[in-house]
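Chemist: Numbering (the numbering used here), first residue to last: 24 to 175.
Where a beta carbon is used, it is the ideal one built from N, C-alpha and C, also for glycine.
Before we start, here is the structure in question, set down as structure tokens.
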């Protein structure tokens, strides 16, 4: 789409994301225009602001359709997640401790998070070292997919 930074060779600017943000910001502005036009121009069964409402609604439709199509084609189509990096980010996250609350309580989980932060170890590593839970229970408790949905 465009070369990266002039001072940082190899850098890729997120121009498609920026373009999408600009389009959606305009749509938000158009929504406000329509809202104000409807409130200000509607007397009885007439609305003198209907032309501006129609124009901005159609502009929003075109902006969203075009920007979504281009974003998909030029950005998302060939994008792949780096599973290894994603898994590492999850595993190294202190938020992993949240799922231990039902097993060890808030206070102990909080202390564990602080220790993980200070030591640079993961929650899983500390739990294993300190034998906080049996291995199978720990595996189940720290399964990140189980944290993606509410449980009753």
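For my contact list, residue 82 and residue 53 are in at a C-beta cut-off of 8 Å; report their separation, rounded to the angstrom.
Modeler: 6 Å
Chemist: Does DSSP put residue 65 in a helix, a strand or coil?
Modeler: strand
Chemist: Buried or exposed for residue 79, going by 16 or more other Cβ atoms inside 10 Å?
Modeler: buried
Chemist: Pick from 103, 76, 45, 32: whose alpha carbon is nearest that of residue 87?
Modeler: Nearest option by C-alpha distance: 45.
Chemist: By the 10 Å Cβ neighbour count, where 16 or more other Cβ atoms means buried, how is residue 97 classified, buried or exposed?
Modeler: exposed
Chemist: Decide yes or no for the touch test of the stretch 157-167 against the stretch 129-137: beta carbon pairs closer than 8 Å, at least 3 of them.
Modeler: Touching, no, given that fewer than three Cβ pairs across the two stretches are closer than 8 Å.
Chemist: Who are residue 70's beta bridge partners in DSSP?
Modeler: DSSP lists 65 as the beta-bridge partner residues of residue 70.
Chemist: Under the three-state reduction of DSSP, which class applies to residue 153: helix, strand or coil?
Modeler: helix
Chemist: Rounded to the nearest angstrom, how far is the Cβ of residue 43 from that of residue 60, given a contact under 8 Å?
Modeler: Actually they are not in contact, since the Cβ atoms of residue 43 and residue 60 sit about 26 Å apart, beyond 8 Å.
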